[in-house]
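So the structure is just underneath, and the comments pick up after that.
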Amino acid sequence: MASAVRPQVLLSLALLRELYNKVNYYKSMIDRNVRQYNEYKEKISRIMPEKIRSVDKEIEMLNTLGSHLNSMALFLEGVILRLETLVTAGNVVVAALALKNVVKILRQNLRGVPPILAVLVDKLDELSNNITREIQLSGGAHGSVKMLSPEASKIVEEAKKVAGIK
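Structural data, given as structure tokens:
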């Protein structure tokens with residue numbers, strides 16, 4: 164069973180890494196935009212002081228999105244490290260179950276993010292559903308799946324705590 168699920172879990176890890184890289188890319192773009200808005204604000208402060216309020220509002224929105232993406236990146240980093248460790252140690256079923264919880268948490272935290280991130284989470288969801296279905300269909304795995312789920316939940320909870328995600 165684990166040998167049939169392992170390639171799919173590895174593909175899921177690759178998608179998680181891609182999601183992590185995209186989140187970091189968008190974080191860097193937001194940081195760059197905040198710097199540019201701050202420079203713009205300094206330049207227009209004497210010329211058009213009435214525009215400062217709208218620029219401040221935009222900076223505040225970008226900072227909020229940036230902090231959200233930062234916590235997402237921390238969460239993904241922690242999860243990826245733990246899942247890689249599980250796969251390397253041969254605990255593919257636990258990694259697959261943890262992946263299902265990770266996708267659920269990512270779905271809950273998709274507000275205001277670029278659409279490509281939602282697409283990657285959708286792909287991860289589809290893949291984790293396939294993995295879960297394959298684990299359940301394999302003979303005698305149902306009992307072991309239920310026993311391993313607290314361990315999978317622990318992995319996700321630790322990553323949530325580090326990232327500050329609720």
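Position 104 (the sequence shown) corresponds to 267 in the working numbering; numbering is contiguous.
Just so you know, even glycine gets a beta-carbon here, dropped at the ideal spot from N, CA and C.
For K214, no alpha helix (DSSP H) run applies, since DSSP gives it neither H nor E.
Taking C-beta atoms under 8 Å as the contact rule, V168 and A259 qualify, at a distance of about 6 Å.
Under the DSSP assignment, R274 falls outside any alpha helix (DSSP H); it carries neither an H nor an E label.
Within the stretch 221-261, there are no complete beta strand (DSSP E) runs of at least 3 residues. Under the 8 Å Cβ criterion, the stretch 168-178 counts as touching the stretch 246-259, having at least three qualifying pairs. The C-beta distance from I193 to L232 rounds to 7 Å, short enough to fall under 8 Å. Straight-line spacing of the CA atoms in L287 and I279 works out to 12 Å. When secondary structure is reduced to three states using DSSP, S191 falls in the helix class.
Note on K317: under 16 other CB atoms within 10 angstroms of its CB, so exposed under the neighbour-count rule. Taking 8 Å as the cut-off, the Cβ atoms of Y183 and I243 count as close. Annotated three-state conformation of I268 is helix, per DSSP.
Contact between K267 and T295 does not hold, since the beta-carbon distance rounds to 12 Å and is not under 8 Å.
I298 carries a helical assignment under DSSP once its states are collapsed to helix, strand and coil. Between L290 and L174 the beta-carbon gap is near 6 Å, inside 8 Å, which marks them as a contact.
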